[in-house]
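Visitor: Attaching a single structure in structure tokens format; questions to follow.
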Amino acid sequence: MKKTLILCLVTSLSFMASAQSANRLLINAVDAKTTISRHIYGQFSEHLGHCIYDGYWVSDTSTLPRKDRIRLDVVEALKKIKIPNLRWPGGCFADEYHWRDGIGPRENRPKMVNTTWGNVTEDNSFGTHEFLELCELLGTEPYIAGNVGSGTVEEMSKWVEYLNFDGISPVTAMRKQNNHPAPWKVQYWGVGNESWGCGGNMSADFYADQYKRYATFCKNYPGAPLRKIAAGASDFNYDWTETLMKKVPLNMMWGISLHYYTLPGNWREKGSATDFDEQAYFTTMKKCLRMDEIVSKHATIMDKYDPEKKVALVVDEWGIWTDVEPGTNPAFLFQQNSLRDALIAGSTLNIFNNHADRVRMANLAQTVNVLQSLILTRGNQMLLTPTYYVFDLFKVHQDAKLLNIDFTSPTYALGDEKISAVNISASQDSTGAVHISFVNLDAKKDITFRTSLNDIPWKSVSGRIITSKKFTDINTFDQPFIVKDQDFKGARKEGDELVVTLPKLSVVVLELK
Ligand code: AHR
34 MKKTLILCLV TSLSFMASAQ SANRLLINAV DAKTTISRHI YGQFSEHLGH
84 CIYDGYWVSD TSTLPRKDRI RLDVVEALKK IKIPNLRWPG GCFADEYHWR
134 DGIGPRENRP KMVNTTWGNV TEDNSFGTHE FLELCELLGT EPYIAGNVGS
184 GTVEEMSKWV EYLNFDGISP VTAMRKQNNH PAPWKVQYWG VGNESWGCGG
234 NMSADFYADQ YKRYATFCKN YPGAPLRKIA AGASDFNYDW TETLMKKVPL
284 NMMWGISLHY YTLPGNWREK GSATDFDEQA YFTTMKKCLR MDEIVSKHAT
334 IMDKYDPEKK VALVVDEWGI WTDVEPGTNP AFLFQQNSLR DALIAGSTLN
384 IFNNHADRVR MANLAQTVNV LQSLILTRGN QMLLTPTYYV FDLFKVHQDA
434 KLLNIDFTSP TYALGDEKIS AVNISASQDS TGAVHISFVN LDAKKDITFR
484 TSLNDIPWKS VSGRIITSKK FTDINTFDQP FIVKDQDFKG ARKEGDELVV
534 TLPKLSVVVL ELK
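Residue numbers (the working numbering): 34 to 546.
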């Protein structure tokens with residue numbers, strides 16, 4: 034009897050202590066009007082290193098299961114995480130790509146030099162038809178970036194006609210001859226890429242005029258309206274966005290792009306993908322979280338010209354960019370992917386979800402074997418990176434209603450610097466289920482939240498977690514499952530409240546039903 038009393042006392046004391054130390058989080062569905070577009074979960078694949086060639090597209094003697102030369106294990110893995118769109122053929126490569134080189138019998142296609150990425154031979158075996166076949170296999174929407182930098186208006190205009198026109202013309206006759214009688218009806222259309230840099234070193238004013246000129250001749254064919262996306266700014270170049278918004282009529286563009294990469298170091302010495310200490314980890318996460326400020330500032334400029342938020346902000350290149358893996362071609366941008374990458378992916382996707390009123394599309398750079406990949410391949414082997422598992426867990430937010438959240442994050446301090454330790458987003462899907470994604474960046478502390486869900490009834494909670502002992506942990510071809518998602522048992526219902534303890538260095542996604 035005495036023993037039971039003491040036990041009760043200890044339990045209630047520890048409950049009170051945990052209640053006091055728990056951070057408050059309020060989630061409510063009132064005024065939840067914004068849909069998180071599934072296109073925020075888009076991908077980007079360029080003719081760069083081993084992304085296309087030896088990534089998706091293998092030799093015609095490969096023993097792997099494949100459709101034509103597209104490897105199907107990669108396709109199956111990507112299908113599982115429901116990638117909504119795939120951007121192609123670049124990147125910088127887009128502005129040196131001439132689509133006519135990549136159609137027709139492969140043996141007749143010209144071999145050219147990929148001057149942007151290592152002067153390697155581009156044999157054009159993967160072109161328009163192959164890309165669209167890949168999209169069909171993936172069940173994903175194509176997002177094609179047209180060539181403004183070294184291509185003509187006529188060339189871009191004819192590419193759109195080749196893709197989307199269901200009638201009689203010289204290019205549609207060519208399409209039929211190339212065994213594709215029906216148009217594909219491609220919707221997402223990029224007019225150039227990084228036109229301030231590798232896409233032509235233009236001024237914002239000059240590009241705005243070029244955009245209008247090129248976009249005018251990218252026609253909306255019957256049943257195939259285009260969603261045209263202007264080549265936007267890089268990170269802090271707010272003038273670029275201002276100029277485009279000022280000069281281009283809103284009805285001429287569906288979106289404006291934005292590129293922001295998280296560099297642990299600087300452009301000359303980016304830092305290792307696998308060998309870093311807590312200071313480098315902290316600095317990298319601090320830079321990653323700047324995505325929130327960058328998106329907010331570009332969105333504020335857009336609001337000035339477009340208060341109804343008709344034009345989307347399309348973050349069509351993002352992710353961590355480190356030094357290449359030692360011993361690999363520096364022009365191929367092949368980097369490993371650690372638990373740090375998973376924390377970057379989770380935090381960035383939370384930021385995008387919370388800005389879903391303006392950010393309606395985004396593309397991680399670059400899916401397979403390049404920069405922050407979802408998948409790495411080596412010969413016939415394939416592994417899923419920590420980032421892959423984040424996209425798998427976060428797919429529940431696709432096309433769900435964004436819920437309002439209100440909380441103050443505890444801080445994660447290192448030396449004299451501080452960042453928010455936790456970031457969160459929440460949504461409610463069409464069945465009524467609520468999903469909350471948490472990222473705890475703190476390298477030393479577990480963090481507890483106590484949550485009320487105003488006006489959302491729920492009975493049970495389940496969850497998945499991605500974590501590991503060290504932020505440097507990676508998956509390798511010898512040990513491919515070091516960092517992956519697992520069942521999460523750290524959340525419970527107490528009365529009407531949810532109590533969740535987030536382990537340090539973790540991404541957690543909860544489902545409340
Ligand atoms: O993703 C690698 C490169 O980064 C892209 O080609 C370019 O658009 C950006 O500078």
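Even glycine gets a Cβ: it sits at the ideal position worked out from N, Cα and C.
1. Nearest by alpha-carbon distance to K546: which of L111, K492, A433 is it?
2. Restricting to Cα atoms, I'd like to know which of I408, S70, N234 is closest to S183.
3. Count the other C-beta atoms from every protein chain shown that fall within 10 angstroms of the C-beta of Q368, then say buried if there are 16 or more, exposed otherwise.
4. To the nearest angstrom, how far is it from the Cα of V344 to the Cα of G225?
5. Would you report the Cα separation of M49 and L81, rounded to the nearest angstrom?
6. Using 8 Å as the Cβ pair cut-off and three pairs as the minimum, do the segment 436-453 and the segment 392-412 touch?
7. May I ask you to check if the CB of E79 is nearer than 7 Å to at least one heavy atom of the ligand ADP?
8. If you scan the segment 396-462 from start to end, which runs of the alpha helix (DSSP H) of 4 or more residues do you find wholly inside it?
9. Output the distance between the C-alpha atoms of N56 and L111, rounded to the nearest integer angstrom.
10. Could you check if W300 is buried or exposed, using at least 16 other CB atoms within 10 Å of its CB as the buried criterion?
11. Just the Cα atoms here: how many angstroms apart are D156 and G135?
12. What span of residues does the beta strand (DSSP E) with F77 cover, start to end?
13. Can you have a look at Q210 and say buried or exposed, based on whether 16 or more other CB atoms are within 10 angstroms of its CB?
14. What would DSSP say about A364, mapped onto helix, strand or coil?
15. With distances taken between CB atoms, is the gap from S460 to N386 smaller than 8 Å?
16. In the DSSP output, what is Q519 paired with across the bridge?
17. Going by DSSP, what residue range makes up the beta strand (DSSP E) through H292?
18. My assumption, with CB atoms under 8 Å, is that V347 sits in contact with M394. Please give the rounded CB distance.
19. Please confirm whether any heavy atom of the ligand AHR lies closer than 7 Å to the CB of H430.
20. What span of residues does the alpha helix (DSSP H) with K607 cover, start to end?
Guide: Reading from the atomic positions:
1. K492
2. N234
3. buried
4. 17 Å
5. Interpretation of M49 is limited by its pLDDT of 45, a score under 50 that renders its predicted location unreliable; no figure is taken from the coordinates.
6. no
7. Looking at this structure, you won't find the ligand ADP anywhere; what it does contain is the ligand AHR.
8. 419-427
9. 36 Å
10. exposed
11. 9 Å
12. 75-77
13. exposed
14. helix
15. yes
16. I498
17. 288-295
18. 4 Å
19. no
20. No information on residue 607 is available, as it lies outside the stretch 34 to 546 that the chain covers here.
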